[in-house]
Ligand code: HGY
Ligand code: MN
Ligand code: MN
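In the numbering used here, the protein residues as written are 903 to 1302.
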C-alpha cells in the first residue's frame, strides 16, 4: 500500500493519479510487475482493464474474480480503489505462501477509470467489459483538454490486445473497498458487509449568454451565464431535501468562459450528481434538475443545453456472495455492519456478469476523495482477511 501510494503522490499525503495519465501508466506497470511476481499470467484488454490469473486444480471451473481500481480522484486519498487491488493481490500471495491450490482459478483485476473524474462515466472500464457501454463510444469520450480516452489509453501503452469482455463464465466477483462514509466507524464495526449500491444520475448543463465588458454594460443588458449556473447550483443543493432522506445531490464541477475578472461570463457549465437507493427517486431528481435548469436559463435570459453523462441502476447483491462475506467475518469474530454503499463501485457492473459481493474497510472520520482519507493498517488487514476467506470459500466451492 505504501509503495503504490508513491505513484502520483501529492505533497499532502494524497494521490493525484487520474485515469490514463502518466501516473496511471506507472502504477499499471507496477501492478503488472506485482502480478507476474506472484506467478500470475497477465492480460490487458482493449479498454486497459488488467487481469492476472492463478491456476486452479480444475482449469475449466469458472474463476473467482477479485479486484477494484488504481485510478484516483484529483488530489484524492491513497486507499480508494487501491486497497481493493492490493488486498486481492495479497490474497493470491497468501495462497502461494501457504501453497494452497484452489479448485477454481482465481483472477485479480484492476479496472480502467472507475472514478469517472477525467472522463465520464464512472466505473467505465468495468461497464465496457460487462457490456453496459459500447467501447467505441467510450473511447471517443474527451476530457477538459479535448483529449480522447482512446488517445490517452494509447499514450500510456495500455490499449491491450484481448477483447474487453468476459472470455469465460465467472463464479463470483468480490471487491474490497473503503466505506468512504462514517457508518462503520460510528457503529464501532470492524468491517462492512455490503448488500447493495445506490443508483446514480450524473450530467452537465451548459448555459450560453453574452460575453461582454463588465464595466460599461448596463445591468439590464446582461445575459450572464454564470449567474444562471449559480442559480442551478443552489437548486441542486435543495432538490434532495424535497425527494427523500437518502437522496444526495452535488454540483461538483463548474467552468466559466472566459473566466476573466472583467468579462461577463458568456458560457458556464455545471455538473449534477444525484444518488439514491431507489431508481424512481433518481429519475425524479433527474426530471427536477432539468426543470431547474430551464427556470435558471429563463430568469437570466440565456440559452442552455443539458447532457446526462451517466445513469447507473441501484443494485442489490445476491445472497450467496453476501453470505460468503458474512461467514468469513463471523469466522474471524469480526463485528460487521450490513449496509448499502453510497459510493459507486465497479461491482455495480459485475452484478450483471456473476454473483457479486463487497467487503468494506472502516474509513476513519468517514472522509474520502481527499488526502484526509484514512484507514488504519489494522482495519485494512481485517477487511483483507475477510475478503481472502470469503474468496477462498467461493474458490473451493465450500460455501454450501
Ligand atoms: O463517485 C463515486 O462514487 C466513485 O468514487 N466513482
Ligand atoms: Mn473507488
Ligand atoms: Mn472514488
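Beta carbons are placed, not taken as given, at the ideal position from N, Cα and C, and that holds for glycine.
Three-way DSSP call (helix, strand, coil) for residue i in this model
| i | result |
| --- | --- |
| residue 1094 | strand |
| residue 1028 | helix |
| residue 893 | Coverage of the chain is limited to positions 903 through 1302, which leaves residue 893 absent and any answer about it impossible. |
| residue 1219 | coil |
| residue 1016 | coil |
| residue 1009 | strand |
| residue 1302 | In this prediction, residue 1302 has a pLDDT of 45, which is less than 50 and means its spatial position is unreliable; what the coordinates show is noted afterwards. Coil, per DSSP. |
| residue 919 | coil |
| residue 993 | helix |
| residue 1061 | coil |
| residue 905 | coil |
| residue 1283 | helix |
| residue 936 | helix |
| residue 1234 | helix |
| residue 914 | coil |
| residue 944 | strand |
| residue 1211 | strand |
| residue 986 | helix |
| residue 1044 | strand |
| residue 1275 | coil |
| residue 1124 | coil |
| residue 963 | coil |
| residue 999 | helix |
| residue 1250 | helix |
| residue 1036 | coil |
Check: residue i C-beta below 7 Å from any heavy atom of ligand 1
| i | result |
| --- | --- |
| residue 1018 | yes |
| residue 1024 | yes |
Beta bridge counterpart(s) of residue i as assigned by DSSP
| i | result |
| --- | --- |
| residue 1240 | 1095 |
| residue 1258 | 1075 |
| residue 1049 | Per DSSP, none; premise fails for residue 1049. |
| residue 968 | 1010, 1076 |
| residue 1109 | 1170, 1206 |
| residue 1115 | 1165 |
| residue 1263 | 1080, 1093 |
| residue 978 | 917 |
| residue 1102 | 1177, 1214 |
Residue i Cβ short of 7 Å to ligand 2 heavy atom set
| i | result |
| --- | --- |
| residue 983 | yes |
| residue 971 | yes |
| residue 1079 | yes |
Status (buried if at least 16 other CB within 10 Å, exposed otherwise) for residue i
| i | result |
| --- | --- |
| residue 1235 | exposed |
| residue 1279 | exposed |
| residue 1039 | exposed |
| residue 905 | exposed |
| residue 1143 | exposed |
| residue 1166 | buried |
| residue 1193 | exposed |
| residue 1121 | exposed |
| residue 914 | exposed |
| residue 1141 | buried |
| residue 1015 | buried |
| residue 1302 | Interpretation of residue 1302 is limited by its pLDDT of 45, a score under 50 that renders its predicted location unreliable; no figure is taken from the coordinates. |
| residue 986 | buried |
| residue 1223 | buried |
| residue 1209 | exposed |
| residue 974 | buried |
| residue 1065 | exposed |
| residue 1115 | exposed |
Any non-hydrogen atom of ligand 3 within 7 Å of residue i CB
| i | result |
| --- | --- |
| residue 1198 | no |
| residue 1245 | yes |
| residue 1035 | no |
| residue 918 | no |
| residue 975 | yes |
| residue 1271 | yes |
Cβ-heavy atom distance, residue i to ligand 4, below 7 Å
| i | result |
| --- | --- |
| residue 1039 | The ligand content of the structure shown is limited to ligand 1, ligand 2 and ligand 3, which means ligand 4 is not among them. |
is_contact[residue i, chain D] using C-beta, thresh 8 Å
| i | result |
| --- | --- |
| residue 1285 | The displayed structure is made up of one protein chain only, and chain D is not part of it. |
Could you name each continuous beta strand (DSSP E) segment of 3 residues or more that falls completely within the stretch 1130 to 1168, going from the start of the chain to the end?
Along the length of the stretch 1130 to 1168, whole beta strand (DSSP E) runs at least 3 residues long occupy 1150 to 1152, 1156 to 1159, reported in chain order.
Pick out the complete alpha helix (DSSP H) segments inside the stretch 1176 to 1202, 4 residues or longer, and give them in chain order.
1181 to 1202
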